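Below is one structure, written out as structure tokens; the observations come after it.
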Amino acid sequence: MRRAFLIFLVVLSIGGAVALAVGNGLGASWLSGTGILALTGSLLLFLLWLSARVVQVFLWRVGRRLAFSYFLIGVLPIPMVGVLILLNAYLLCGFFLGHLYRDAAASVQQDLAKTAQAKLAGETAQLGPQETEIAYAIYERGWKVEGDPRLPYLWPKALADLSIPVESVSERERTAQYFVLPDGSATLLTAVGQGRRSAVTFLSQSADSELMRRTELWIGLLRSDDPRKQARWRLELGGRVFSLHPFGGRSSLRDRSAFLAERSPDSGWLKRPFLWWSEVSGSLRSVQDGSVVADHVTANLYGDLSLVAKHLFSSSLEFDTAILAGLVGVTGLLSSIYAIAAAMALYLIYTLSRAVNRLSRATEAVQRGDFSIRIPVRRTDQVGELQRSFNQMSANLETLVSTAAQKESLEKELRIARDLQRSLLPRDLPSSEAVEFATLFEPSAAIGGDYFDILRIDDSRIAVVIADVSGHGLPTGLRMAMLKAALVILVEEAKAPVEILRRLSAMVRAQTDERFFVTATVGVVDFRNGTLELTNAGHPPTYLMRGGEVEEILLPGNPLGALGEEYGQTRLDLEPGDILVWLSDGLIETTDPEGEPFGYDRTRESLEGLAGSGAEAARDRLLAAVARHAAGEPPVDDQTLVAMRYSGSVESRPRKE
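The numbering used here puts the first residue of the sequence shown at 18, with every later residue one more than the last.
Structure (structure tokens):
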């Protein structure tokens, strides 16, 4: 869409330019205002879009943006002020040229009036400069009695009001009044009256020649009815007509070639007449009948700087020198201040753009993954604070990345340790016609402290062990692995359960790095005799389910690692269908959203009524009750359970599947 709009603007602009060129070449006197506005608008839109794109590309970098801002604020106003000063100086020079013209015209008119006064007095001498050629005529009651033949014999009544009394000649300031002689030349004319007689004086030569001689300006008189002042283009907008003059609008009736020839090319630029001004005088009348032949006369004035300087600075050399010295001093002072300000601005732009470039390069490095990048901070401003913040951010990112890498490595090691811990648990549970097992092992952390095992002592006996090491995490898992290794060795040596627990307790107390305790229960099942020997070291009770009833076997004893070595012991005769459940305190201490633990009573109640069921049914019922009580709350401790169903076939031999 943007590309299509751009193509449309380009085509419309080129078409408009071609249409304007063809119309100008064919000499068209007018063009439709709507068409010109449309073409001009499209061209402006295209130029604005192109300028915006160029500025956007150029000002992308901060350094360029700052430099351009300084250019707009600190540099651009200088030439603009200079142009304004030159324009004002040009206008002042123009006003001065107009003043010279008006002063010279008034002087000519005054000389004409004094000459007319002298003629009325019968004097023959001419007043004014000798170079001025003044013609005259004497009228008696309006009739010419003597004088120049170019004036009419009967003075026109339309010009009667121009006559001034002879006594007022020296009192009035004369203004330029142009008249047309019979040969078509414009001249200045004055009439002075005294009674019935009047004297009319005028310049014999053209008025512009006399004025040029007196002012040293080139002066060209242009009548208002001159064809060259007619409009060539007419623009119609909203019912109004706007006239557009050609570029030759400053031409006049007099050729400037002679005047310019007097200025040789090597005379210097001060003497080149590039100053132009225009003065408009009153109506132009004919001396024959007094009729108005032109509404006004425009005097085009051309001068040079040397002429202006000659009239302005020739009064006092000392005064001019003092003013020039003061001007040079003030200019030097202001220039020095601006040079210092420009140097400071350039320094600020350089330092700020360098700081931003460093920050940009550092950001690109961070984007590539290099978090070790740092920016040297030497600034004490907001940019320096930003650089320090970036360094802090980069350091934090480096720390986070390093921590994430370490965490990933640790998680990998913990995963290996967790898999290793699970590998320490029995994979193939003994199964025969005599026993059936169901187990659960759910650590609350990556590495748990609970442990259970089912070990074969001999052909007719197995040992069921469940333990809980205090603490969580990797150290607890390592201690559990240590207990596993020691327990396997002690069971293989066919030690008695009490002896096994005592040796394990001594091993726990021997760990001097950190104090910890272990609760454990060891149950030895004898298939031949149908008995169960329980030994408990501070572990939660064992639950016996027989005929739908639940018996909580609580055997008080010291945990492993404590100072005492008193362990609870009992011996049970097993009956076919008995179910035994060993569990850790993680299940009993499971809390609901209000913080109430599951407890021993709920444990016993959840196991009631399991007559004729198996080990898996007992495990699943207890776990379901615990889950309902927790209501979605995560466990706060490891959960371990071993359920065994005894079927009574004492002659069978347990085997590993």
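Here a beta-carbon is modelled for each residue, glycine too, at the ideal position from N, C-alpha and C.
Keep in mind that this is a model prediction, so the values were computed, not measured.
Could you check where the alpha helix (DSSP H) with residue i kicks off and where it finishes?
i    : result
D618 : 616-623
V183 : Counting along the chain, V183 falls outside any alpha helix (DSSP H), and DSSP gives it neither H nor E.
Q127 : 94-137
A579 : Run containing A579: none; DSSP gives neither H nor E here.
D637 : 632-647
L442 : Premise fails: L442 is in no alpha helix (DSSP H) and is neither H nor E.
L322 : 322-329
A513 : No alpha helix (DSSP H) contains A513, which DSSP labels as neither H nor E.
V226 : A small correction: the amino acid at residue 226 is Ser; Val does not occupy that position in the sequence shown. Its alpha helix (DSSP H) spans residues 224-232.
Which residues in the same chain as residue i place their Cβ atom closer than 8 Å to its Cβ, once the five residues preceding and following it in sequence are excluded?
i    : result
R405 : V394
Y679 : Because the chain here runs from 18 to 674, residue 679 falls outside it and cannot be looked at.
V515 : T552, Y584, Q586
I181 : A130, R189, T207, A208, V209, G210
I471 : P443, L446, P447, F454, I479, A480, V481, V482, V659
V162 : I155, Y156
F113 : V325, H328, L329
Taking 7 Å as the limit between beta carbons, can you name the residues of its chain near residue i, skipping five residues before and five after?
i    : result
L171 : G159, W160
T536 : A484, D485, A554, G555, H556, P576
R636 : A455, L457, L658, A660
Comparing alpha-carbon positions, which option in the options lies nearest residue i?
i    : options                : result
G612 : E582, P652, S389       : P652
S664 : S68, L572, E453        : E453
T608 : V310, L624, V643, D128 : V643
S411 : E381, K429, S426, E425 : E381
G490 : L500, G465, I483       : G465
W293 : A138, L109, K424, V314 : L109
R681 : G307, F407, K327, T368 : Look at the range of the chain in this structure, 18 to 674, and you will see that residue 681 is not part of it.
A661 : Y118, P576, A480       : Note on identity: in this sequence residue 661 is Met, with Ala being the wrong assignment. Of the candidates Y118, P576, A480, the one whose C-alpha sits nearest the C-alpha of M661 is A480.
G578 : V525, E566, T493, G547 : V525
V183 : G201, A208, G237       : A208
A84  : E425, G343, A359       : A359
D321 : G386, G349, D387, E233 : E233
T554 : L521, I357, D225       : According to the sequence provided, residue 554 is Ala. The question's Thr does not apply to it. Among L521, I357, D225, the Cα nearest to that of A554 is on L521.
L137 : F63, G115, G212        : G212
L168 : T149, D120, L220       : L220
E569 : A177, E531, L589       : L589
N546 : I517, V539, P593       : P593
L117 : N317, G164, V304       : N317
V400 : E415, K424, D387, N374 : N374
Buried or exposed: where does residue i fall if 16 or more other Cβ atoms within 10 Å of its Cβ makes it buried?
i    : result
Y560 : buried
H262 : Here H262 scores only 49 on pLDDT, less than 50, and its place in the model should not be relied on; the value that follows carries that caveat. By the neighbour-count rule (16 or more Cβ atoms within 10 Å), H262 is not buried but exposed.
K174 : exposed
T57  : exposed
W77  : exposed
N413 : exposed
Y355 : exposed
P94  : exposed
D485 : buried
V74  : exposed
I151 : buried
T493 : buried
R231 : buried
D654 : buried
S601 : buried
Looking at the unbroken beta strand (DSSP E) that takes in residue i, where does it start and where does it end?
i    : result
E569 : 566-570
K161 : 160-164
T548 : 548-554
V304 : Note, V304: premise wrong, no beta strand (DSSP E); not H, not E.
R478 : 478-486
V539 : 535-543
F469 : 467-473
What does residue i pair with, by DSSP beta-bridge criteria?
i    : result
W599 : V659
Y195 : L205
Y153 : T218
Y560 : E569, V598
G237 : N317
G585 : N553
T456 : V659
G490 : None, per the DSSP bridge assignment.
To which residues of the same chain is residue i closer than 6 Å at the C-beta, ignoring the five residues directly before and after it?
i    : result
I633 : It should be pointed out that residue 633 corresponds to Glu in this sequence rather than to Ile. Here the set comprises A455.
M562 : I596, L624, L627
H328 : none
S487 : F533, F534
L604 : V643, Q656
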